[in-house]
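**Student:** Adding 1495 to a residue's 1-based position in the sequence shown gives its number in our numbering. Glycine residues also receive a C-beta, built at the ideal position from the N, C-alpha and C atoms. Source: prediction; values computed, not measured.
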Amino acid sequence: MSHSITIRSIALAAADHLASEALAHAERKGWKVVVAIVDPAGSLVAFRRMDGVSPVTGEIAMDKAYTSATLRRSTKALAERMTASADMTMGMANRPRLMAWQGGLPVIEDGHIIGGMGISGAAGHEDAECGEVALASLGLTSV
1496 MSHSITIRSI ALAAADHLAS EALAHAERKG WKVVVAIVDP AGSLVAFRRM DGVSPVTGEI
1556 AMDKAYTSAT LRRSTKALAE RMTASADMTM GMANRPRLMA WQGGLPVIED GHIIGGMGIS
1616 GAAGHEDAEC GEVALASLGL TSV
């Protein structure tokens, strides 16, 4: 009988690729963003901030990535769930690092959460678009 589990985690090369792809998409659209990629436990693996973007935007991107990895859902899905329940909203508002602004996506490979990605700096749906484009470039998904 085993007393351990195997946890799949995003590789550094994949995290770097996702960050580069998200930034390239933002650049093409004229958006200024920060990208953070974390492992399934929410620990930072890769971080990229475009020139001229506020450092606090980087903290928001890291919190979006943390939220999507550890709760195993997009920050948009979390926001939708929170708006449906006052109790949920009150409870989540008191949890550090949880972020319900759009732009946080779980990184899923073959049905397994291998990390989370947070993009911040543009409008929420634009942040999420950068993430989805990056995920598609590696054949990964967020659902």
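Considering Cα atoms alone, identify which of G1611, I1609, G1599 and G1610 is closest to E1624.
**Tutor:** Counted from its first residue, the sequence shown places residue 1624 at position 129. Looking from the CA of E1624, the closest CA among G1611, I1609, G1599 and G1610 belongs to G1599.
**Student:** Output the distance between the C-alpha atoms of A1506 and A1564, rounded to the nearest integer angstrom.
**Tutor:** Locating residue 1506 in the sequence shown gives position 11, where the first residue counts as 1. Locating residue 1564 in the sequence shown gives position 69, where the first residue counts as 1. Taking the straight line from one Cα to the other gives about 14 Å.
**Student:** Can you tell which of G1547, D1511, L1566 and L1513 has the C-alpha that lies nearest to the C-alpha of A1536?
**Tutor:** Position 41 of the sequence shown, counting from 1, holds the residue named residue 1536. When only C-alpha atoms are compared, the closest one is L1566.
**Student:** Pull up the DSSP beta-bridge partners for P1535, would you.
**Tutor:** To locate residue 1535, count along the sequence shown from 1; it is residue 40. DSSP lists no partner for P1535.
**Student:** Work out the CA separation of L1593 and A1556 for me, nearest whole Å.
**Tutor:** Taking the sequence shown and counting its residues from 1, one reaches residue 1556 at position 61. Taking the sequence shown and counting its residues from 1, one reaches residue 1593 at position 98. Whole-angstrom Cα-Cα distance: 11 Å.
**Student:** Please say whether V1533 and G1616 have beta carbons closer to each other than 8 Å?
**Tutor:** As a first step, residue 1616 is located in the sequence shown; it is residue number 121 there, counting from the start. As a first step, residue 1533 is located in the sequence shown; it is residue number 38 there, counting from the start. Not a contact, by the Cβ cut-off of 8 Å.
**Student:** Are the beta-carbon atoms belonging to G1611 and Q1597 less than 8 Å from one another?
**Tutor:** The residue labelled residue 1611 in the question sits at position 116 within the sequence shown. The residue labelled residue 1597 in the question sits at position 102 within the sequence shown. No, they are not a contact pair.
**Student:** Is the beta carbon of L1573 sitting closer than 8 Å to the one on V1602?
**Tutor:** Reading the sequence shown from its first residue, position 78 is the one you call residue 1573. Reading the sequence shown from its first residue, position 107 is the one you call residue 1602. Against a cut-off of 8 Å, the Cβ pair of V1602 and L1573 comes out as no contact.
**Student:** Return helix, strand or coil for G1619, following the three-state DSSP convention.
**Tutor:** Numbered from 1 along the sequence shown, position 124 holds the residue referred to as residue 1619. Helix at G1619.
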